[in-house]
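Have a look at the structure below before the remarks.
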RNA sequence: GGGCGAUUAGCUCAGUUGGUUAGAGCAUCUGAUUUACAUUCAGGGGGUCGUAGGUUCGAAUCCUACAUUGCCCACCA
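Numbering (the working numbering), first residue to last: 220 to 1097.
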C-alpha cells in the first residue's frame, strides 16, 4: 500500500473523488428489474445565486440517505437540477441592469431574456459544481432545469389540462401586488410582518347636514380617495338611522352612500368602515354585494393616478402624509392611535404589497386539494417530524385559489392567445402549441398573453416532469413515486403541498412517501443567515478550510431542530476526519499480513479470540444495528453520535491502544483491518471523501466504497458478558490512571498495583488480561490475590468485587486520601439509603413490576458491597 | 386572535414505552510530546432538567397553569 501522510489532506482528496465520481458516472442509475428502486428529487436550488448553508444541510441529508440505500442494494437515483425562480432571478438581473443605468423595458423582452439565460448558465453551473463539491451523489447526467424544453412542454400540458377541466380561470379580483416588481403575487408570496402602524379616525360629513359626520377608522388613509361607500353593521343601533344617507367624501367631494353589511364589526374602531372596493379584499366583496363602483386610484407602481384628484402623481406613502395633513387642516381628523397590525410584504423584494384590483389567471384549488388531504390522512404520505402534518392539513383544508399569472418576463409564458377579431372574453385560445389561426373565426390576428406563470406552477411538477413526463418511459415508471422529499418547513405550502396535488392529478399517484422537514440554519445568535445581515457562512469557504467531510459531519452532529452554527463548529468534523485518517494509517501500516478475504462474521464466530477483539466486534455489530435504525428513522445526528463513539472511543482509544503491542499477531492484524474496513462503510454516507480515499488504499482492485455493500447484521449482537468483562477492565485501568493523576505520579515512573478479588470469574478475567492492565496503566508488577492486603499508604479504589491497591509510599497524603474516601462513602451511603428506603416501601413492593424490584435489590447489594470495602479502606488508613 | 415548537452543565445538544448516581462534544482546570493523530492522549470540576402545582411506589420524561423565547397562520378596517 501507498504511504499516507500524517494529516488528512482533504483539499487534494476532495477534488480527486469529486472528479472521479462524476467522470465515472458512479451515481448514474437506470431502471433495473433485479433491484428495488430508491429515488429522491432534489429541491432544485434557485439560480439566483450561490448555495448557502441551508442548501449544504439539505443536500447532506439527502446524500446520507442516498448513499445508505445505494450501499443497501437499491437502485438509487437522486435527480439533480435547478429552478428558474421567476421573480427572484428576474430581480437580480434587473439590479444588474440598474447598475448599468438601464431597465428591462429599455432593453426589450428578447434581449432581457438573453441576459437571464446567460445568468442562468453561469449560476446554474456554479450551483451544480457546488453540489458536487459537497459530495452529493446525484445522477448528474439527468440534471434538469425547470425551463428545459421538455419541462416547458409539461408545464403547458398541465395548464391546458387544468383549463379544459375548468380548474383554471381568468378574472378580475383583488390580488397581492408588488409595486416594485410590478407583478401579481400569490397569497403565499405575500409575507405578513407585524408592523407598528396607526389607526386614523377621519370624519365623513353628511350631504344634508354638513355639520354632522360619521367617523371612520383606517390604517391606509390614502385609499379613501377610492371610497365608494361607508358601511355599518345592520344591528348596530348607533348607526341604524344613518343607513341609506349620503356622505360627501372629503378631499374629492364624491357622494357615497352609507350601507349596512354584516361584515362590519361594531367593536372595532368606530364601528363605521370606509369601503374601498378596488383596494381591499373585504371591501371588494362588499362592493360586489352592494353593487358599488370600483375606483382604482393607483398606478401599478403605487403612485396615485388621475382618480386621486389633488393627490395624483404622489407615491402612496407620500400621499398618506399629505392626506393626513390636509384632513388635519380641514379639522376632519379626529384622532390617530397607534395600531400594531400585520402588513404584507413581497417575499422577494420586501416591498409592502398593495391589495390591487387586476385581471389574472387563477387555479381552482379545492378539487385538487381533496385527494391530497386524503392521502396524508390515510398515511400514504408521512411527515417527519409528524407535527407538520397538522400544518399541512390546516392549510389544505382552508385552501384558496392560486393566482398563477405574473407580470414578469422570466418564466413559462402563459399558453393563451387572444383573437383580435373575436369579441372580448370570447377570444381566448388555450393551447399547448402556438395556434396558426383562431379556431372560431379563422383570424390569424392572434397575440399571446404577455404574462408568465408563477415559478411554483412549474416546480409543482418536479417529481415527474424531471422524468420526462408526459412521455411514457421506463425511468418514470421505475423511479416514480420517489421515496422521500427532504426540505425545509418554509415551503410546505409553496411546494410540498402543491407537488402532492400535481402528482395525484397528473400521475394518479403520490409523488413521495415520506417528507422529512429539517430545520433552518442560523448563526450563533439564532438569527437567520442572510447576505444582508452579513452573518452568512459560505459553505465553500468551510470546504476550503475544513474539508467537505467536516462540513457535512458538523452540520448533522449535535443538531437540534434549528441549527445554530459558528465557524468553530466545523472543527468537530475536521478533527474526526483526521482521526479516521490517522487510525487508518496506523492499521494499514501494521497489518501487512491481515487476511483480507476474511469476513467480520467469520471473525465474530471465533469464540476463542481475546476479550478486546471479541468486544470490538460485538461493539461494531451493536453500533451497526443502531445506525440502521437511526438512518431509516431519519435520526441522522443520532447515527453520527453512534459512529463517533464507536470509532473514536471504542476503536481508537481502547482497542487500538490495547493491541499496540500485539501487531505481530496475524489474527489481531486481520481483526483490526476488518473492523476498520467495516467501520469505513458505515461512516461513508456521512463522510464520503475520507472513507473513499482510505478504501482505495485498502483494496487491491479498483472498487469504490460508494458502491460497496453495507455490512450485514448477522446474529452477532452484543454479548452481555463480553461487554461487562470489558467494562471491568476499562474501569480498572481508569482507576489506576486516576490514581496517577490524583497523586501526580509521572508517566515514566512505574507503579505497582495489587488487585484483590475473591470470585473465580474476576480472578480469571484479571489473570487473562493482566498484560493489558499493566500496559495501559503503566503498571509494573501487577498482582492478583484473593487475600485482603494490609497495605499502608496506598491509593485504593473499588470496581465491583475488585479492590485496586496502588502502594504510594510517602507520596500519599493520608489526610487528603481520607477525605476523598469519605466523600465517596457519603455519596455511596446516600444512594444505598435511597435504595433501602425504596425497598422498604410497601407500596413500591406491591406495585412495581417484579423485574424492577429484582434489579433494585441487586443494585443495593452492589452498593453495600462497595460501601463495606470503602469503609474497610478508610479504617485501614487510620 | 389562533396553531406549533423550545426551555437539561458556561455554549451546542442527547436523553427511546416513566425505573441505575441525568449523558456527549466544545469551553474550562490539571498533567502528558522521541509513540497513527496536539486536528492528540490521560484525568478533574461543573446540572435542585424554566417556575408552581398534580398524577404515580417512582417524573427530565405524563397532566394543568404560568413565565421566557422562537416560528407559522389569520380580511377586523
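Glycine included, each C-beta is placed from N, C-alpha and C at the ideal position.
Starting from residue 1049 and walking both ways along the alpha helix (DSSP H), at which residues does that stretch end? Stepping through the first chain from its first residue, residue 1049 is reached at position 830. That run of the alpha helix (DSSP H) goes 1033-1059.
On the three-pair Cβ rule with 8 Å, is the stretch 610-624 touching the stretch 653-663? no
According to DSSP, what are the bridge partners of residue 561? In the first chain, the residue the question calls residue 561 occupies position 342. Looking at the DSSP assignment, residue 561 forms a beta bridge with 413.
Could you give the distance in angstroms between the alpha-carbon of residue 943 and the alpha-carbon of residue 842? Position 724 of the first chain, counted from the start, is the residue given in the question as residue 943. Position 623 of the first chain, counted from the start, is the residue given in the question as residue 842. Answer to the nearest angstrom: the Cα atoms are 17 Å apart.
Please give the ranges of any beta strand (DSSP E) in the stretch 610-688, keeping only runs that are unbroken, at least 3 residues long and fully inside the region. List check, beta strand (DSSP E) in window: 635-638, 647-649, 665-667.
Residue of 333, 744, 373, 846 minimising C-alpha distance to residue 682: Here residue 682 refers to the residue found at position 463 of the first chain. It is 373.
Could you name the residues of the same chain whose beta carbon sits closer than 6 Å to that of residue 887, not counting the 5 residues immediately before and after it, in chain order? Position 668 of the first chain holds residue 887. Only 878, 881 meet the Cβ criterion.
Please look up how many angstroms separate the CB atoms of residue 674 and residue 303, rounded, as I've assumed it's under 8 Å. Here residue 674 corresponds to residue number 455 of the first chain, with the count starting at 1. Here residue 303 corresponds to residue number 84 of the first chain, with the count starting at 1. Sure, about 6 Å apart at Cβ, within 8 Å.
Report the start-end ranges of each alpha helix (DSSP H) in the stretch 805-841 that is 4 residues or longer and not cut off at the edges. 819-824
Report the partner residues of residue 474 according to the DSSP bridge assignment. Residue mapping note: residue 474 aligns to position 255 of the first chain, counting from 1. Bridge partners of residue 474 according to DSSP: 467.
Excluding sequence positions up to five away, which residues of its chain have a Cβ less than 6 Å from the Cβ of residue 468? Along the first chain, read from residue 1 onward, the residue named residue 468 stands at position 249. Excluding sequence neighbours, residue 468 sits near 446, 475.
How many angstroms separate the CA atom of residue 572 from the CA atom of residue 565? Reading the first chain from its first residue, position 353 is the one you call residue 572. Reading the first chain from its first residue, position 346 is the one you call residue 565. Spanning the two alpha carbons is a distance of roughly 6 Å.
Where does residue 513 sit, in a helix, a strand or coil, going by DSSP? One-based indexing of the first chain puts residue 513 at position 294. Looking at residue 513 - three-state DSSP - the assignment turns out to be coil, as it is neither helix nor strand.
Classify residue 488 as buried or exposed, calling it buried when 16 or more other Cβ atoms lie within 10 Å of its own Cβ. Walking along the first chain from the start, residue 488 turns up at place 269. Buried, by the Cβ-count rule.
Mapping DSSP to helix, strand and coil, what is residue 971? On the first chain, position 752 is the one that residue 971 refers to. It is a strand residue.
Just to confirm before moving on: does the CB-CB distance between residue 735 and residue 783 stay below 8 Å? Here residue 735 is taken as the residue at index 516 of the first chain, counted from 1. Here residue 783 is taken as the residue at index 564 of the first chain, counted from 1. Not a contact, by the Cβ cut-off of 8 Å.
Proximity below 8 Å, CB of residue 535 to CB of residue 521: Within the first chain, numbered from 1, the residue matching residue 535 stands at position 316. Within the first chain, numbered from 1, the residue matching residue 521 stands at position 302. Yes.
Alpha carbon to alpha carbon, how far is residue 616 from residue 592? Residue mapping note: residue 616 aligns to position 397 of the first chain, counting from 1. Residue mapping note: residue 592 aligns to position 373 of the first chain, counting from 1. If I take the Cα positions, the gap works out to 8 Å.
Reduced DSSP category for residue 735 - H, G, I as helix; E, B as strand; rest coil: Indexing the first chain from 1 puts residue 735 at position 516. If DSSP states are grouped into helix, strand and coil, residue 735 belongs with the strands.
Is the separation between the beta-carbon of residue 1098 and that of residue 264 shorter than 8 Å? Absent from the model: residue 1098. The displayed extent of the chain is 220 to 1097, so no value can be given.
Go through the stretch 250-301 residue by residue and report every complete run of the beta strand (DSSP E) that reaches 3 residues or more, in order. 256-260, 294-298
In the DSSP assignment, find the unbroken alpha helix (DSSP H) run with residue 309 in it and report its ends. For this step, residue 309 is matched to residue 90 along the first chain. Its alpha helix (DSSP H) spans residues 305-318.
Verify whether the separation of the beta carbon atoms of residue 796 and residue 906 is less than 8 Å. Taking the first chain and counting its residues from 1, one reaches residue 796 at position 577. Taking the first chain and counting its residues from 1, one reaches residue 906 at position 687. Cβ atoms of residue 796 and residue 906: closer than 8 Å.
From which residue to which residue does the beta strand (DSSP E) around residue 580 run? The count along the first chain starts at 1 and reaches residue 580 at position 361. From DSSP, the beta strand (DSSP E) with residue 580 extends over 573-582.
DSSP puts residue 603 in a beta bridge; with which residues? Position 384 of the first chain, counting from 1, holds the residue named residue 603. DSSP lists 735 as partners of residue 603.
Give the DSSP-derived three-state secondary structure of residue 1025 in the structure shown. Taking the first residue of the first chain as position 1, residue 1025 is located at position 806. Residue 1025: strand per DSSP, three-state reduction.
Does the structure place the stretch 892-909 close enough to the stretch 923-930 that three or more beta carbon pairs sit under 8 Å? Contact between the stretch 923-930 and the stretch 892-909 is present, because at least three Cβ pairs lie under 8 Å.
Compute the distance between the beta-carbons of residue 627 and residue 671, then report whether it is under 8 Å. Numbered from 1 along the first chain, position 408 holds the residue referred to as residue 627. Numbered from 1 along the first chain, position 452 holds the residue referred to as residue 671. Taking 8 Å as the Cβ cut-off, residue 627 and residue 671 qualify as a contacting pair.
Could you tell me if residue 557 is buried or exposed, where buried requires 16 or more neighbouring beta carbons within 10 angstroms of its beta carbon? The residue labelled residue 557 in the question sits at position 338 within the first chain. It is exposed - the Cβ of residue 557 has fewer than 16 other Cβ atoms within 10 Å.
Helix, strand or coil: which one does DSSP assign to residue 424? On the first chain, residue 424 is found 205 positions in, with the first residue counted as 1. In this structure, residue 424 counts as strand in the three-state DSSP scheme.
Going by other Cβ atoms of all chains shown within 10 Å of its Cβ, with 16 needed for buried, is residue 470 buried or exposed? As a first step, residue 470 is located in the first chain; it is residue number 251 there, counting from the start. Its Cβ being crowded by 16 or more others within 10 Å, residue 470 is buried.
Would you list the one or two residues that DSSP bridges to residue 492? Residue numbering aside, residue 492 sits at position 273 when the first chain is read from its first letter. Residue 492 is bridged to 450.
Bridge-paired residues (DSSP) for residue 1002: Here residue 1002 is taken as the residue at index 783 of the first chain, counted from 1. Residue 1002 is bridged to 973.
Roughly how many angstroms lie between the CA atoms of residue 958 and residue 813, to the nearest whole one? Taking the first chain and counting its residues from 1, the one referred to as residue 958 is at position 739. Taking the first chain and counting its residues from 1, the one referred to as residue 813 is at position 594. Roughly 37 Å separates the two Cα atoms.
For residue 570, which residues does DSSP report across the bridge? Position 351 of the first chain holds residue 570. Partner(s): none; residue 570 has no beta bridge.
For residue 1072, report the span of its alpha helix (DSSP H) as first-last. Taking the first chain and counting its residues from 1, the one referred to as residue 1072 is at position 853. Segment 1069-1096, the alpha helix (DSSP H) holding residue 1072.
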